[in-house]
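Under the working numbering, residue 131 is the last one in the sequence shown; the count climbs by one each step, no gaps.
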Amino acid sequence: TPTPTPTPVPYLTVDLPPGQESWPRYVPDFMPATFQEAPALAELVALGQLPPVAERLPTNPLVIEPAEGIGQYGGTWFRAFTGPADGQNMERPLKDHMLYFDTGMTTPQPNIA
C-alpha cells in the first residue's frame, strides 16, 4: 500500500525540499530528561514561591518538537491590525481551547483538556 501524501496547507508551507515540514510536530511517548522554564518562573522557584518545573508538569506532558529551534525570552512582539476584520489577530494569542488541530491541520490534539 503506498504511503498517502499529506494534503498541503497553503498558508503553512514554505519552499523546502520535498518531504520536509516547516512546522512543529507532536512527539508521542517522549519524555525529556530535563525541562526548561522562563527566567521569570525560575526566579519564583528560587524564591520558594513556585514549585520546580518538574513538579508543575503532568505525568505525561504533551511534547512538541519545534520547527526551527527553541525561542528566546524577551524582546518586543509586533502585531499589526488593519481593521475590524482582524478580530482573529486578537483571538489567536489570547484564547485557549480544549482541543486544537496539529500544525498539519489534520489531527485534533489535546490543549488544556
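Note that beta-carbon positions come from the ideal geometry of N, C-alpha and C, so glycine has one too.
Looking at F48: is its Cβ nearer than 8 Å to the Cβ of V71?
no
Can you list, in chain order, the residues of its chain with a C-beta nearer than 8 Å to that of P69? Leave out the 5 residues immediately preceding and following it.
Leaving aside the five residues that flank P69 on each side, the residues in its chain whose CB is nearer than 8 Å to its CB run, in chain order, V63.
Is it true that the CB of F119 sits closer than 8 Å to the CB of P128?
no
How big is the Cα-Cα spacing for P57 and Q90?
10 Å
So F99 and L75 are supposed to be a Cβ contact under 8 Å. How far apart are they, rounded?
The beta carbons of F99 and L75 sit about 35 Å from each other, so the pair does not count as a contact at 8 Å.
If you follow the beta strand (DSSP E) that L117 is in, where does it begin and where does it stop?
117-119
Would DSSP call E55 helix, strand or coil?
Coil at E55, not helix or strand.
In terms of residues, what are the limits of the alpha helix (DSSP H) holding R74?
Taken as a continuous stretch (DSSP letters only), the alpha helix (DSSP H) holding R74 covers 71-74.
Let me check understanding here. Comparing Cα to Cα, which of L117, P50, E61 lies closest to E137?
Summary: the structure shown does not reach residue 137, with the chain confined to residues 19 through 131, and so no result is reported for it.
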